[in-house]
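In my numbering, the protein residues as written are 8 to 208.
This is the structure we're talking about:
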């Protein structure tokens, strides 16, 4: 069922919510793609349309996501498709024909944090807020709580807190526990900015 714009499932799976975000993002993209292809509109305006309309729609509530590699790949493919529409093809210096821009060329032209970096930094920013909440707040209790029921058989799912730890390992942070670290607002915000601006393949 839907609650405050978010899909809630009986198994507490995030995949249905992410699927809905993709569908909404694709619908929005197709509704404005003629503007993104227009030669009468500057690329800066097109990028602003992408960031304020399409990207914000796809990443709504992304701070609660814990993605698989497949879902991250889908996000990258989606963003690259939009950016290719914005920047158009490039004339090949050898053949003289037109070709699609390569991924690294797109990222160089875009020069803004990628969709994955935006999602990751939003997740870390929210983690910092939750870590500083009072112990009686439900969000904090869920964060530090330990379920009493036995874990179902099979490979354990990647938890949200596991994603935070992986985000920190990505910037080679291997210091104190992240909940203690988040109590220092300035230091945590610096780490969030580092994660957002990290350049990875």
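Even for Gly, the Cβ is constructed at its ideal location relative to N, Cα and C.
These numbers were taken from a predicted model, which means no experiment stands behind them.
Strand pairing of residue i, partner residues [DSSP]
i: residue 105; result: 98
CB of residue i within 8 Å of CB of residue j, strictly
i: residue 110; j: residue 87; result: yes
i: residue 65; j: residue 32; result: yes
i: residue 61; j: residue 35; result: yes
i: residue 131; j: residue 174; result: yes
i: residue 195; j: residue 205; result: no
i: residue 50; j: residue 93; result: yes
i: residue 83; j: residue 123; result: yes
i: residue 21; j: residue 73; result: yes
i: residue 202; j: residue 128; result: yes
Inter-residue CB distance, residue i and residue j (contact presumed, cutoff 8 Å)
i: residue 167; j: residue 75; result: With a Cβ gap of about 13 Å, residue 167 and residue 75 do not count as contacting.
i: residue 185; j: residue 172; result: 7 Å
i: residue 117; j: residue 150; result: Wrong, their Cβ atoms sit about 34 Å apart, outside the cutoff.
i: residue 28; j: residue 57; result: That belief does not hold up - the Cβ atoms of residue 28 and residue 57 are roughly 15 Å apart, past 8 Å.
Start and end residues, alpha helix (DSSP H) containing residue i
i: residue 142; result: It is not in any alpha helix (DSSP H) - residue 142 carries neither H nor E in the DSSP assignment.
i: residue 35; result: 22-44
i: residue 175; result: 167-177
i: residue 117; result: 110-117
i: residue 200; result: 192-203
i: residue 132; result: 122-138
i: residue 55; result: 50-56
i: residue 185; result: 185-188
Check whether the region 135-143 touches the region 97-114, taking contact to mean three or more Cβ pairs, one atom from each stretch, closer than 8 Å.
-> no
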